Amino acid sequence: MRAGYLILRTDPAQPGMVTVRGADHPPDTAGKDAENLIFIARFSSLDIALMHFHTGLRRRLVDLNRHLYRATPAEAVAVAEAIELSHRPVYIAPDLAENREVTARVETLHRRHQMTDRLFNGIGIAAVILLLVLMALGI
Numbered sequence: 046m047r048a049g050y051l052i053l054r055t056d057p058a059q060p061g062m063v064t065v066r067g068a069d070h071p072p073d074t075a076g077k078d079a080e081n082l083i084f085i086a087r088f089s090s091l092d093i094a095l096m097h098f099h100t101g102l103r104r105r106l107v108d109l110n111r112h113l114y115r116a117t118p119a120e121a122v123a124v125a126e127a128i129e130l131s132h133r134p135v136y137i138a139p140d141l142a143e144n145r146e147v148t149a150r151v152e153t154l155h156r157r158h159q160m161t162d163r164l165f166n167g168i169g170i171a172a173v174i175l176l177l178v179l180m181a182l183g184i
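Under my numbering, the first residue of the sequence shown carries the number 46, and numbering increases by one thereafter.
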């Protein structure tokens, strides 16, 4: 597992689109690299973070080769921020930093992840109980 930075940018050539990239080093947030930059976070496992990001926006994928998704910056940042892996946000665009829509979406995604976890844990517990009952009955 390689550590790295998940980087989100808007695409000026395609309004309403966001690109995601992984990099070993963060881009300069003050220079020309900062153009269209909306979010940077450092993940201890970049490949898994990219996979989770894709899962969050999989139905909005426009171009796999260019890593282009049809999403607003707020939606993309919320999906990246809600990834259930340890990460450290490095940069967030000033207009999104205090955006209530981003905060609300992150909370919604966290709740959805927790509900899914509970569902699968419940299924696992039910399966173990069923196996124990079948074993006790000798079936």
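Cβ coordinates follow ideal geometry from the N, Cα and C atoms, glycine included. Please read all numbers here as calculations on a predicted model, not as lab measurements.
#1: Who are the near neighbours of isoleucine 52 in its chain, counting only those whose CB is closer than 8 angstroms to its CB and skipping five residues on each side?
#2: Could you name the residues of the same chain whose beta carbon sits closer than 8 angstroms to that of alanine 79, not counting the 5 residues immediately before and after it, in chain order?
#3: How would you label threonine 55, buried or exposed, when you count the other beta carbons within 10 angstroms and need 16 or more for buried?
#4: Can you look up arginine 103 in the DSSP assignment and give me helix, strand or coil?
#5: Report the rounded CA-to-CA distance for alanine 123 versus alanine 58, giving the unit in angstroms.
#6: Tell me whether the beta-carbon of tyrosine 211 lies closer than 8 angstroms to the beta-carbon of arginine 111.
#7: Measure how close the beta-carbons of leucine 141 and alanine 119 come, nearest whole angstrom, since I'm counting them as under 8 angstroms.
#8: Kindly identify the DSSP beta-bridge partner or partners of proline 134.
#9: What's the gap between the Cα of alanine 48 and the Cα of alanine 172?
According to the structure data:
#1: Val65, Arg66, Gly67, Ala68, Pro71, Pro72, Leu82, Phe84 and Ile85
#2: Pro72 and Asp73
#3: buried
#4: helix
#5: 23 angstroms
#6: With the chain covering only 46 through 184, there is no way to say anything about residue 211.
#7: 6 angstroms
#8: Ala86
#9: 36 angstroms
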